[in-house]
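Below is one structure, written out as structure tokens, with a few remarks after it.
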Amino acid sequence: MDVSTVYPAGPAQVPDNLTRPNASYKRHVWLAMLGLTFFMLAYFALLGCFAWITWASASALHEGRDDVIRSIVILPCAAILTLFMAKSLFAVKRAGNTDGMEVTEQEQPALFSLIYRLADEIGAPRPHRVFLTPDVNAAVCYDLSLLNLFFPSKKNLIIGLGLVNVLSLGEMKAVLAHEFGHFAQRSMMVGRWVYIAHQIIGHMVATRDWLDKLVKFIGSIDLRIAWFGWLLSIVIWSIRAVVDTLFSLVVMAERALSREMEFNADLVAVSVTGSDALVNALHKLQAADHAWQTALNVAERESRNGQRIADLFSAQRVAMEAMRHVLDDQSYGATPLAPTDTNPAEHRVFSEQSARPPQMWATHPANRDREDNAKRIYVAAPIEERSAWTLFNEPAQVRSSISQSFYNAEKRDEMEVIAAKDAVMKRFAFASLAPKYLGNYLGRAPLRNFSSMDELLSCGEIAATPQASIAQLYPSSLKDLLKQERDLDIEIATLEGLRSGQLKPSGGVIRHRGEELKKEQIPTAISELKVERSTLAEQLKQHDASCRRAYLQAAEQLDQGWHSYLLSLNKLLHCTSHLAAVAHNEQALLTNTWLVITADKQIGFFEKRRMIRVAKQVEAVLREVASTLQTLRPTASTLEKLGIDRWKEQIPQFNLLNVSEKNWADWCPAASQEISSIAGLLDYISDVTLEEIIEAEQTLHHAIIDADVLLTDAPASASTPEDYLTLLPGNEHVLQQKLDLWNRFQLAQGLLPTLSRLLIAGGIVGGTILFGLLYKP
């Protein structure tokens with residue numbers, strides 16, 4: 001391969017000031033530098049005080065001015081605290097294990113040719129090593145320590161093949177240019193210095209190591225010595241609390257700078273690829289994330305059957321194509337096309353409300369903000385449309401090598417190889433996923449929003465004839481409603497993850513719809529999103545009712561047992577959907593309570609009482625669910641798929657002993673497993689029943705539209721009890737998310753806990769220093 005042919009051409013003209021730092025960037029840099037300077041001065045002042053007390057105490061003892069307090073309290077404490085403060089200065093934040101396959105220039109000359117030429121073009125250092133991973137990701141990683149403020153560390157480049165698999169050569173160049181852009185140009189040096197210093201200090205504050213273990217060990221031995229460990233623990237906690245509060249000021253100053261640096265890195269990418277390539281990549285990556293996860297789920301499912309997919313990246317491509325088919329949206333994961341009559345500088349791919357970064361850039365500004373920034377000064381450039389795989393020698397072998405890492409090395413060769421398309425299409429081979437349904441049944445429980453079958457039959461609209469009723473179903477506007485619902489679900493899940501701490505925003509910055517949010521504003525934002533979603537849900541609920549009623553109307557006209565059969569299927573789906581939701585809800589409550597009471601590894605009296613109370617509540621509900629499950633009777637088709645011929649004897653039971661004070665610790669994990677089995681069966685019956693409903697409706701559709709179609713008698717109906725537990729969306733248990741007052745004080749969450757912790761910790765630190773400085777025997 002001629003490596004010179006794989007480097008995409010850049011823009012013909014680039015404004016001289018495109019990547020030049022603006023006034024806002026410079027202002028944020030200086031604010032961040034002031035914050036860092038203040039922090040470091042305070043840190044070295046504390047270190048200096050403890051070092052002085054250590055030296056003064058050691059000198060006094062050396063001069064013969066010995067006393068018990070100085071020799072066994074002040075000197076050892078001051079020495080350990082000095083070591084504690086000093087060791088953090090030498091902490092190293094490792095880049096971590098990439099879990100990737102390293103490649104060399106000799107193995108992949110074209111790839112390295114592009115990487116080196118791109119780095120040289122934008123003024124960034126060439127990467128020290130290059131690793132390939134299976135992820136939808138590209139990143140630069142490196143070790144960090146205080147030395148790196150003065151001497152740059154060697155940087156390694158990580159390239160995810162899940163990213164390569166979906167991008168064109170031009171788009172891949174744009175993504176790599178963004179990553180290199182953080183380290184390009186002398187004008188960005190101050191910003192990089194501030195950023196690196198911020199990361200180092202964050203690691204210094206958060207790190208826990210051998211000294212913490214030593215102090216804990218001292219506090220756990222003989223009481224005559226343990227008091228020394230307790231005293232040290234209190235002082236060290238206080239120092240960390242003060243330093244953490246001071247560091248929060250640095251974080252506040254760095255927030256806005258982080259955003260500016262991301263925008264500038266984007267402009268670096270624009271300078272070498274034009275304004276559209278990076279935006280196109282962002283658009284594709286959202287679909288790539290989902291398709292890659294689908295490919296992994298399919299591979300895991302097939303591996304349980306003793307089969308493996310030789311090329312997971314082919315599975316990713318098949319999943320993307322299948323999703324286009326299901327959503328009836330050819331733009332899904334494809335290069336976005338601008339209207340021919342629109343100025344490309346004014347065209348926007350991302351809307352304000354649906355702007356969400358893909359997983360690899362989840363902590364970056366919103367996609368719409370990044371697109372506006374990239375097109376603020378529009379730079380036209382051709383986009384090389386060849387696949388990014390053009391960069392690789394023997395790409396099929398590379399894909400195979402990375403795919404093999406997914407499987408157990410000892411069992412891999414014994415597994416039967418299955419074609420990627422065959423494996424993935426099993427996931428999409430359902431009548432409910434046909435394009436005409438526009439994705440209406442993709443991941444949705446269409447009857448969960450109805451409290452009863454009576455409500456279902458009273459909602460929606462039907463016309464005078466079945467033909468007219470059916471004709472108004474699945475309008476093109478439904479596609480937009482479903483997309484809005486999916487986007488809102490993602491937004492809500494993201495904010496809830498940030499609120500609970502499961503997700504961490506970059507530099508502490510939470511961005512939502514183009515605005516920065518404080519953590520205490522998240523609940524309000526979530527409430528507003530849920531109101532917006534409930535409006536959408538009501539529209540979809542009415543359409544779901546119209547669909548069911550339209551075909552019941554057709555079945556009633558055609559008869560031959562079809563009306564009672566279709567009605568029984570709808571009752572069964574309503575029942576199993578709600579029972580499954582109830583089971584999952586009780587399991588979530590049980591798990592949440594267990595995690596809360598065991599979080600500190602110690603279970604007190606009241607925590608034990610709470611766990612038993614919740615367990616008894618869960619037990620009562622699950623026994624009712626299990627009892628209802630016994631009275632169900634799915635269709636013969638469903639029983640055949642389940643491999644069940646004796647329903648009551650073969651389905652999962654909830655046969656645990658009653659929970660008590662003696663068995664609760666063993667009962668809770670066992671109950672969780674029982675609930676999983678029952679909920680899994682209910683979920684499966686719901687999925688199969690939905691398919692039966694759609695297939696029955698398709699049969700009725702053909703018969704009602706075409707009089708020449710011969711309609712046979714309907715299969716035997718399913719059986720469902722009249723009364724059963726229901727759970728409407730939004731009525732789930734409110735799980736504990738907010739920490740109690742003690743933990744909020746410990747973590748300084750909220751103004752009052754932060755001020756309280758600062759005052760107490762500051763008093764302890766100040767008192768410790770004054771006692772050491774002013775002590776006289």
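By my numbering, the letter at position 605 of the sequence shown is numbered 605, and the numbering carries on one by one without gaps.
Where a beta carbon is used, it is the ideal one built from N, C-alpha and C, also for glycine.
No experiment lies behind these values; they were computed from the predicted model shown.
Item, Value
"Paired residues, beta bridge with Val417 - DSSP", "Arg308"
"Rounded straight-line distance, which links the Cα of Ser271 to that of Gly10", "8 Å"
"Cβ distance (whole Å) where Leu573 is taken to contact Leu552 below 8 Å", "Actually they are not in contact, since the Cβ atoms of Leu573 and Leu552 sit about 13 Å apart, beyond 8 Å."
"From Gln650, Pro652, Pro669, residue whose alpha carbon lies closest to that of Val659", "Pro669"
"Per DSSP, the bridge partner or partners of Phe247", "DSSP output for Phe247 lists no bridge partner at all."
"Beta carbon of Ile675 nearer than 8 Å to that of Ala583", "yes"
"Beta-carbon proximity list for Glu722, same chain, < 7 Å, skipping 5 on both sides", "none"
"7 Å Cβ shell around Ser24 - same chain, five flanking residues per side excluded", "Glu260"
"Candidates Glu102, Lys518, Cys141, Gly170: closest to Leu498 by CA position", "Lys518"
"Secondary structure, alpha helix (DSSP H): runs of 4+ residues fully inside the stretch 223 to 297", "223 to 273"
"Three-way DSSP call (helix, strand, coil) for Ile603 in this model", "coil"
"Whole-angstrom distance between Gln736 and Asp487, CA atom to CA atom", "25 Å"
"Simplified DSSP state of Cys459, which is helix, strand or coil", "coil"
"Glu371 versus Glu262: straight-line alpha-carbon distance, rounded", "12 Å"
"Buried or exposed by the 16-neighbour rule on C-beta atoms within 10 Å, applied to Leu529", "buried"
"CB-CB length for Ala184 against Gly123, believed under 8 Å", "5 Å"
"Nearest neighbour of Asp120, chosen from Ile221, Val268, Lys641 [CA to CA]", "Val268"
"Residues near His182 by beta carbon distance below 6 Å, same chain, minus five either side", "Ala265"
"Rounded straight-line distance, which links the Cα of Ile239 to that of Ile309", "53 Å"
"Opposing strand residues paired with Met101 [DSSP bridges]", "Leu132"
"Contiguous beta strand (DSSP E) assignments of at least 3 residues, all confined to the stretch 515 to 543", "515 to 517"
"Close beta carbons around Gly306, own chain, < 8 Å, minus the five adjacent residues each side", "Glu414, Met415, Glu416"
"Per-residue DSSP class, three states only, for Ala345", "coil"
"Buried or exposed by the 16-neighbour rule on C-beta atoms within 10 Å, applied to Leu443", "Here the sequence assigns Gly to residue 443, which means Leu is not the residue at that position. So Gly443 ends up on the exposed side."
"Residue interval of the beta strand (DSSP E) (run including Val140)", "138 to 141"
"Beta-carbon proximity of Leu700 to Leu558, cut-off 8 Å", "yes"
"Rounded distance between the beta-carbons of Leu89 and Ala138, thought under 8 Å", "Ala138 to Leu89, Cβ: 32 Å. No contact."
"Under 8 Å between C-beta atoms of Asn449 and Lys541", "yes"
"Under 8 Å between C-beta atoms of Thr273 and Lys375", "no"
"Distance between Ala322 and Leu690 (C-alpha atoms, nearest Å)", "20 Å"
"Segment contact flag, the stretch 78 to 87 with the stretch 128 to 137, C-beta cutoff 8 Å, min 3 pairs", "no"
"Check whether Ile678 and Pro652 have beta carbons under 8 Å apart", "yes"
"Three-state secondary structure assigned by DSSP to Ser469", "helix"
"Endpoints, beta strand (DSSP E) assigned at Gly643", "It is not in any beta strand (DSSP E) - Gly643 carries neither H nor E in the DSSP assignment."
"Distance, Leu163 Cα to Met360 Cα", "For Met360, the predicted model reports a pLDDT of 48, less than 50, meaning its position is unreliable; a value from the coordinates is still stated below. For Met360 and Leu163, the distance between alpha carbons rounds to 10 Å."
"Inter-residue Cα distance where the pair is His347 and Ser627", "58 Å"
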